[in-house]
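Colleague: Questions regarding the structure given below will be posed in turn.
Chains as they are written, first to last, in our numbering: chain A, 39 to 925; chain B, 7 to 175.
Below, the structure is given as C-alpha cells:
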C-alpha cells in the first residue's frame, strides 16, 4: 500500500493489470458501468444482474472514481426503481449504493416514502437498514416526520433494529440535537437490554445527550459504577466517564480518598483485558496520582507485558512509558520484563520499551542497556531512532558521569546511515551535552570533527563548524581541530567553506600560538572562487592583523552592532559616492539620532510602535539600544537586564516604563516614554531620580535626556549610577518625569515657540539584590559546591507559613532569588512532604553562588525551609540570606 | 468532534488490500481530502512494512483467521491508533482514535476477517475476495457505521449481509 500503489490503484491504469487478471473488475470502465446501470430501468428486473452492476459501482467508488453530479443523479434515479423488486439481497445492495451516492436534499424525497415503508416493514433487516439509510441522507426538516418511528425503533425487541436506531442517533445529534435529546427515556430503557451491543450504543448515546449536565452525568456514572454492565465495551465507556467525573471532582480533604477509586480498582479484576487496561490507563493518568494508587495498575500492566497479544504488550508498555515520566520509581519491578521486550518483533513496542528503560534505568544498568540498544538500532527506522536518541540525551543529563559511554554510543550511531532528521537529532544531542557537561566538551568536539569529515548535510556541517570555532579555542589542544576545519575549506561547498573561515578566524584571535598558522591558512582562502568566502577571509585577515601579538580576544566582539542602524548606515554609505572608507562610528551616531527622533525611527526602519507590555522582544530591543549607545560602552558587557516595569497607571496622558540593566560596576535605568495627548509636544524630557534608600551605595553618573517625547511611539532617556563595591546593593528611587510642554496651534498644526516646564510624578523604582544575580544551570552541582570555600557557607532556617504544596513554596523562593535550578531538582514528587532543590547563579562580577534549599511540610501544611548558601565571597552569601528574610 | 475525540473517538478508516498493495476495499469515515488519505496509506504502509513481509509477525496463515487479535501489528501516530494484519495474501488495516484504540480496532479486524472467512470458505486469496466483493462491502457496512462500531458479531454480520437473521432462517 505504498503511495505509488495507492495512486495506481486509484487510477486503475495499465499497471494495475499486473497480477489482477483474475479480478472480475479487470478492465472496468466507468462509462461502460453507467451504461450497464440502465438495466435498473427495465420493466422485468434481473435481480442478479442488478446486484452485479451495483457491485461494480461500489468497486469504482472504492477505487477513487468519483461520479459527476449528473452521473450520480442518473444512477440514483435508476436505483430508486429497484425498490419495485422484492429480492431481499438486491434490496440490501440498494441501501448501500444509496448511502454511497449520497443524493442531494431535493433528490432525497424520491426515496423517502419507500424507505419509510421499509422502516415499518415486518422484516427486521428491512427496518434496520432503512433506518440507517434514512438517517444518513435525511436533513433536519424530514427528521421531524420520522422521529416517531425512530423512537419506537430504539426500544425495538430486535437488537439489530435497536442498534441501528441508536447508532443513527449519534449521527443525528449533529443534524438536530434537540430531537435526539427527546429520546432520553427510550435510550434509558435500551440500556437495560440483554444484548451487550445495544447496551453499549445506548450508554454512548445517553451520555452524549446528558454531557452538558454535570450532575446528570455524575448520577449516571454513580449508578453504573454500582452494577457492572454485560458489555465490556460499555464497561470501558463507563470507566472513561468516571475518569471525566474524577477530574471535575475534588479529592476528599478529610480522608484523602479519591472518588470512584474503588470502582476503578475493582475494574482491574474484570474478566475482560480491555476493561482491565482501560481502568489501569485511567488510574495512571489521574492528577497527582500517588505511588499507592499506582501500584495495582502498574502490577496489571506488568502482567500484560508478557502477553502473547501484541496489542496488549503495546498498550501496556505505552501506558508504563507515561508512568515513567513522572513516577519512574514506582515501576522498577517492570525493568526485567521491559528488557526482554527490546527484542520484540514489533518495533514500536521495542522502541517504547527502550525509551521507558532509559527513563527508569539506574546508573549501574546503563552499560548493559547501551549494549542491548546498540544491536537494536540497526533494525529500526529513523523515526524510532530519533525517539531513542532523545531519550539518551535525557539520560545523559540525568547521569552526567556516564557521558563517556553515552557519547561513544552517539558517535557510533552518527557514523551509520541515516536521514537528515535523525542526524540532526544526534548532532543536537551532542551539542546539548557538550554545553551542559563540561567534561564531555573535548570528546564531543572530537566526535563532531570526525563527523563533518564525511557529512552530506551542509546545514549540520555549518552548525558543527560554528561550535568548533566557539568552543575549540578554549580546549586543552586547540591545534588538533585546525586540520578538520581547514579540510572543509579545501573539500566542501561554498556555504561550508565560509563557515570554516569564520571558525578558523576564531582560533586565530583567541589563541596567540595559533595565530600565525591561521593567518597563513586564511591567506590561502583569499584565492577561493566564492565571493563570500573571499570576503570573510579578507575581513578576518585584516581584523586579526590589528590585534596586538600578545593579546587574545574573540574576533566577533567588535562586530556586535545593532543590525538595523548598521544596515541603514551601509545603505547611506553606498548611496554617497564619496571615496572615504566606511566608518563604523557612524552607526552609533545614527542610532542616537533614532533614539532622539522617533519619527525617523518609525519611518527609516519600519519599526512598528512598541507595545508597553514587557516581553522578551522588548527586553532585547532595550539591550540593543543600550549596547549601541557610546555613553555606556565603557561600562563593559551587560550582566543582567530586568523586564520592563510600568511607572505610570494605564490610561494616563504619559506612558513610561523602566528597564534596569546591570553592568559590572554600574546600573543603567532605561526609560521608554510615550505621549498620548495629540495637541501638545513634550521636549527636553528626562527622569529625575532621587535615592530614598541606598544613597551610600549608588552614585549618579549621568542623565541622558530625550529631545522630543513622541506621540504614539516610544523614545528613550537614561540615568546611570555607579555602584559602591562590597555594599548591599539595595535602593529605592523616587522618579519624576521632567519636560517642557508646548501647545500645538490648531490652525497651523505647528507647536508654539515657547513652552512651559512641567513635571509628572512616576512610581518609585526598587533596586534589589536579584538585579545583580543571574541563573547559571549546572549539570554537576556537587562538583562545583565542593570547590567553593566551606568557610563562606551560611545556613539559615525560615518559616514560609502555610502553603498548599511544597511546589508553591519552592516557586515563591526561586522567584525571589532568580537563580537556576540544577539537575532537575525543581521537580517535586506529588504529595511530597520534604524536598531538596539545588540552585546556582552568578553574582555580578562573575562570582559563583550556590544554594541548597531544604523544604519540609508540617502537619498543618506549614512549610519550613533550611537555606544553605555557599559563595565565592562571604558577603554574597549574606546578601542571599538578607534577600530571603526581607522578602 | 471534540467530544468524540476525547470521549468515544471514531474509526477513521478500514482498508482491505492485496499483497501487492492494491487497495481492494477502502472506507474513510471522515471526509478527508485525497492527499490526506494518501498520507494515511503511506503511514500504514511504513508502520506495517516490516511485520507484513515474509514471516512477518503480523502475517497469519489463512487457517489462522481466528487469531487476528493475537497476531496483529500495532502502532500509533500521535493519538491515532493503527492496527493491521495479513491473512493469506490479503492485508487488513484499520485506523481509529479514542475508544477505538488497539483493542477496539483489533476487534473490528477480527470481525471482518472472520466474516470474510465464512463467506470465502476460509480461503484468503485475492480471487476469492474479489468473488465476494459485494458481500465484503456489505459486511464492512454492518460492522462500522459512520465511524462507530455497530456490530462485532461475525455470525450476525454474515447473516445480515445475506439478509437472513437467525430467527428468519
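Beta carbons: idealized from backbone N, C-alpha and C, even for Gly.
Short of 7 Å Cβ to Cβ, which residues in the stretch 327-353 of chain A face chain B?
Modeller: Listed by position, the residues of the stretch 327-353 of chain A near chain B (Cβ gap below 7 Å) are 346, 347, 348, 349, 352 and 353.
Colleague: Below 8 Å between beta carbons is the criterion; list the residues of the stretch 66-94 of chain B that meet it against any residue of chain A, in chain order.
Modeller: Residues passing the 8 Å Cβ filter: 75, 76, 77, 78, 79, 80, 81, 82 and 89.
Colleague: Less than 8 Å between CB atoms is the rule here; does residue 673/A satisfy it with respect to chain B?
Modeller: Cβ-Cβ to chain B under 8 Å: no for residue 673/A.
Colleague: Counting only Cβ pairs nearer than 8 Å, list the residues of chain B close to residue 98/A.
Modeller: Neighbours of residue 98/A on chain B: none; closest Cβ ~12 Å, over 8 Å.
Colleague: What's the gap between the Cα of residue 443/A and the Cα of residue 475/A?
Modeller: Rounded to the nearest angstrom, the two C-alpha atoms are 14 Å apart.
Colleague: Which runs of the alpha helix (DSSP H) spanning at least 4 residues fall entirely within the stretch 669-754 of chain A, listed in chain order?
Modeller: Taking only runs of at least 4 residues, no alpha helix (DSSP H) segment lies wholly in the stretch 669-754 of chain A.
Colleague: From 900/A, 915/A and 898/A, pick the residue whose C-alpha is nearest to that of residue 906/A; which is it?
Modeller: Nearest of 900/A, 915/A and 898/A to residue 906/A, Cα basis: 915/A.
Colleague: Determine which residues of the stretch 372-386 of chain A have a Cβ less than 8 Å from any Cβ of chain B, and write them out in chain order.
Modeller: From the stretch 372-386 of chain A, only 383, 384, 385 and 386 have a Cβ closer than 8 Å to chain B.
Colleague: Could you give the residue range of the alpha helix (DSSP H) that holds residue 267/A?
Modeller: From DSSP, residue 267/A is part of no alpha helix (DSSP H); its letter is neither H nor E.
Colleague: Can you tell me which of 77/A, 156/A, 81/A and 782/A puts its alpha carbon nearest to the alpha carbon of residue 112/A?
Modeller: That would be 77/A, whose Cα lies nearest to the Cα of residue 112/A.
Colleague: Taking residue 839/A as the reference, give the member of 785/A, 856/A and 896/A with the closest Cα.
Modeller: Checking every option, the nearest Cα to that of residue 839/A belongs to 896/A.
Colleague: If you count every other CB in all the chains shown that lies within 10 Å of the CB of residue 64/A, and 16 or more means buried, which is it?
Modeller: With fewer than 16 other Cβ atoms within 10 Å, it is exposed.
Colleague: Give a yes or no on contact between the stretch 81-96 of chain B and the stretch 50-57 of chain B, applying the rule of three or more CB pairs nearer than 8 Å.
Modeller: Yes: at least three Cβ pairs fall under 8 Å.
Colleague: For residue 633/A, I'd like the list of residues in its chain whose CB is within less than 6 Å of its CB, leaving aside the five on either flank, ordered along the chain.
Modeller: Low confidence applies to residue 633/A: its pLDDT is 44, below 50, so where it sits in the model is not reliable, and the reading given next is rough at best. Answer for residue 633/A: 754, listed in chain order.
Colleague: Establish whether the CB of residue 121/B and some CB of chain A are separated by less than 8 Å.
Modeller: Judged by the 8 Å Cβ criterion, residue 121/B is not in contact with chain A.
Colleague: Give the C-beta separation of residue 342/A and residue 332/A to the nearest angstrom, bearing in mind that I take them to be a contact with Cβ-Cβ under 8 Å.
Modeller: With a Cβ gap of about 15 Å, residue 342/A and residue 332/A do not count as contacting.
Colleague: If you check the beta carbons only, do residue 18/A and residue 719/A fall under 8 Å apart?
Modeller: Since the displayed chain A opens at 39 and closes at 925, residue 18/A lies outside it and no answer follows.
Colleague: For the stretch 229-262 of chain A, which residues have a CB atom closer than 8 Å to at least one CB atom of chain B, in sequence order?
Modeller: Going along the stretch 229-262 of chain A in chain order, one finds 235, 239, 242, 245, 246 and 249 with a Cβ nearer than 8 Å to chain B.
Colleague: Which ranges does the alpha helix (DSSP H) cover as unbroken runs of at least 4 residues, wholly within the stretch 273-337 of chain A, from first to last along the chain?
Modeller: Those alpha helix (DSSP H) runs which fall completely within the stretch 273-337 of chain A and span 4+ residues are 299-305 and 311-322.
Colleague: Since residue 274/A meets chain B, which of its residues come closer than 9 Å, beta carbon to beta carbon?
Modeller: Going along chain B in sequence order, the residues near residue 274/A (Cβ under 9 Å) are 105, 109 and 110.
Colleague: Counting only C-beta atoms, is residue 201/A closer than 8 Å to chain B at any point?
Modeller: Interface residue, yes.
Colleague: Give a yes or no on whether the minimum CB-CB distance between residue 35/B and chain A is below 8 Å.
Modeller: No, residue 35/B lies away from the interface with chain A (no Cβ there is under 8 Å from its Cβ).
Colleague: Starting from the C-beta of residue 520/A, find all residues in its chain whose C-beta is less than 8 Å away, skip the five residues before and the five after it, and write them out in chain order.
Modeller: Around residue 520/A: 542, 545, 552, 555, 556 and 559.
Colleague: For the alpha helix (DSSP H) that residue 88/A lies in, which residues bound it at each end?
Modeller: Element bounds for residue 88/A: 85-100.
Colleague: Report yes or no: do the stretch 779-791 of chain A and the stretch 808-826 of chain A share at least 3 C-beta pairs separated by less than 8 Å?
Modeller: The stretch 779-791 of chain A, when compared against the stretch 808-826 of chain A, does not touch it at the 8 Å Cβ threshold.
Colleague: Taking Cβ-Cβ distances shorter than 9 Å, what residues in chain D pair up with residue 170/A?
Modeller: The structure shown contains no chain D; the protein chains it does contain are A and B.
Colleague: Among all the DSSP beta bridges, which residues are the ones paired with residue 859/A?
Modeller: Residue 859/A pairs with 877/A.
Colleague: What number of angstroms, rounded off, separates the C-alpha of residue 340/A from the C-alpha of residue 306/A?
Modeller: Taking the straight line from one Cα to the other gives about 13 Å.
Colleague: Could you tell me the distance, in whole angstroms, from the CA atom of residue 335/A to the CA atom of residue 278/A?
Modeller: Cα to Cα, the separation comes out at about 15 Å.
Colleague: On the DSSP bridge assignment, give the partners of residue 91/B in chain order.
Modeller: In the DSSP output, where bridge partners are listed per residue, residue 91/B has 98/B.
Colleague: Any idea what DSSP makes of residue 468/A, helix, strand or coil?
Modeller: DSSP places residue 468/A in helix when its eight states are reduced to three.
Colleague: Only counting the same chain, and skipping five residues up and downstream in sequence, which positions put a Cβ closer than 7 Å to that of residue 299/A?
Modeller: Cβ neighbours of residue 299/A beyond the five flanking positions: 331.
Colleague: Using DSSP with H/G/I as helix, E/B as strand and the rest coil, what is residue 640/A?
Modeller: Here residue 640/A scores only 32 on pLDDT, less than 50, and its place in the model should not be relied on; the value that follows carries that caveat. Correct three-state label for residue 640/A: helix.
Colleague: If you measure between the beta carbons of residue 761/A and residue 703/A, is that distance less than 8 Å?
Modeller: Yes.
Colleague: Inspect the beta-carbon positions of residue 134/A and residue 144/B and report whether they are closer than 8 Å.
Modeller: It is a contact, given that the beta carbons lie within the stated cut-off.
Colleague: Can you give me the Cβ contacts of residue 198/A inside the same chain, cut-off strictly under 8 Å, excluding the 5 residues immediately before and after it?
Modeller: Closer than 8 Å at Cβ, skipping near neighbours: 162, 163 and 166.
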